[in-house]
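Asker:
Residue numbers (the working numbering): 1443 to 1756.
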């Protein structure tokens, strides 16, 4: 009985819709109806992505039979089956790098999806094998049909449960899409603190912060996981992070909401903790810090940080 109780507690902590009445059967149903994405009323119009701003889709919640809203991700393809890379050499840049479909950066928990047109253009570029904007030089941007579907999922789930409750919708066709050169690039954030003189994170100081940027890995674009390795001098491990150079307040991410230090301690050369924001101005501080190289991993989606002392960077 004790084992059953403990297992229930673990499951409830992981996902709110797992039932303790039966340790293997969730309250939520595994969805089976894929017809939950609606065709836009103006689907047959010409979408000029460079000036469109956004493209709106609507959907209904898949038949989970729970009140918890899923997250919706948008996938685009140039193939109606989402299984092949197009062969049209007029548009295809690299068959090796091209994808049969691309899941764009935009996600939402709402059933009205206002997808940024740039995200769709980025997805089209990924389907054509572009990995850098410079590759578009002298080449024509794609014009033609684009196929869209939505993936419904619960981001708090992992492993088999994540797969069990993830479902892809029916495919909607946008017959007339004019794209433009746009390639999804890694996002970044800035380390701001004592190592760089606590200079204001503003556009006027952009040159100062060029050397203090943490980037998403190339294989992790859109994850909001940022990585950077920096030398932190003696006694200067005091910092927070910023997503934009818009001043001190709006885009700050830190150890707590209040503008005060939170002392932390490395254990075995590592530290793991939490981060909040935007608008969090608490800063991480290591009393008596001895100069060293540190690899910073900041996960803004999960609200976590990992700092690790590493070998010197050449």
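Cβ atoms here follow ideal geometry from the backbone N, Cα and C, with glycine treated the same way. What you are looking at is a predicted structure, and each value in this text was computed from that prediction instead of being measured.
Measure how close the beta-carbons of residue 1715 and residue 1696 come, nearest whole angstrom, since I'm counting them as under 8 Å.
Answerer: Contact flag wrong, Cβ pair sits at about 11 Å.
Asker: Do residue 1589 and residue 1613 have their C-beta atoms within less than 8 Å of each other?
Answerer: Taking 8 Å as the Cβ cut-off, residue 1589 and residue 1613 qualify as a contacting pair.
Asker: Beta carbon of residue 1757, beta carbon of residue 1502: below 8 Å?
Answerer: Because the chain is modelled from 1443 through 1756, residue 1757 falls outside the range shown and cannot be assessed.
Asker: Using the Cα positions of residue 1673 and residue 1574, report the straight-line distance between them to the nearest angstrom.
Answerer: So the alpha carbons of these two residues sit roughly 29 Å apart.
Asker: Residues in the same chain with beta-carbon distance under 7 Å from residue 1472, minus the five sequence neighbours each way, listed in chain order, please.
Answerer: Same-chain partners within the cutoff: 1606, 1607.
Asker: Along the chain, where does the alpha helix (DSSP H) containing residue 1551 start, and where does it finish?
Answerer: Counting along the chain, residue 1551 falls outside any alpha helix (DSSP H), and DSSP gives it neither H nor E.
Asker: Check residue 1627 in the structure and name its three-state DSSP category.
Answerer: Three-state result, residue 1627: coil.
Asker: Considering only DSSP beta bridges, list what residue 1501 is partnered with.
Answerer: The partner list for residue 1501 (beta bridge, DSSP) reads 1479.
Asker: Is residue 1570 helix, strand or coil by DSSP?
Answerer: Coil.
Asker: Residue 1623 to residue 1578, Cα distance in whole Å?
Answerer: One C-alpha to the other measures close to 6 Å.
Asker: What residues in its chain sit with their C-beta under 7 Å from that of residue 1636, if we drop five residues either side in the sequence?
Answerer: The residues are 1678, 1680, 1681.
Asker: Can you tell me the Cα-Cα spacing of residue 1746 and residue 1630, whole angstroms?
Answerer: Rounded to whole angstroms, residue 1746 to residue 1630 spans 16 Å at the Cα level.
Asker: Can you say whether residue 1520 is buried or exposed, counting buried as having 16 or more other CB atoms within 10 angstroms of its CB?
Answerer: So residue 1520 ends up on the buried side.
Asker: Among residues of its own chain, excluding the 5 on either side of residue 1445, which ones have a beta-carbon nearer than 7 Å to its beta-carbon?
Answerer: Bear in mind that a pLDDT of 36 at residue 1445, under 50, signals an unreliable position, so the number given afterwards is only what the model happens to contain. For residue 1445, where only same-chain residues beyond five positions count, there are no Cβ hits under 7 Å.
Asker: Could you give the DSSP three-state label for residue 1652: helix, strand or coil?
Answerer: Coil at residue 1652, not helix or strand.
Asker: Could you tell me the alpha carbon to alpha carbon distance between residue 1462 and residue 1480, rounded to whole angstroms?
Answerer: With a pLDDT of 39 at residue 1462, under the threshold of 50, the modelled position of that residue is not reliable, and no figure is offered here.
Asker: DSSP has residue 1581 in a bridge; who is on the other side?
Answerer: Bridge partners of residue 1581: none, in fact.
Asker: Relative to the alpha-carbon of residue 1738, which residue among 1656, 1755, 1691 has its alpha-carbon at the smallest distance?
Answerer: Closest by alpha carbon: 1656.
Asker: By the 10 Å Cβ neighbour count, where 16 or more other Cβ atoms means buried, how is residue 1676 classified, buried or exposed?
Answerer: So residue 1676 ends up on the exposed side.
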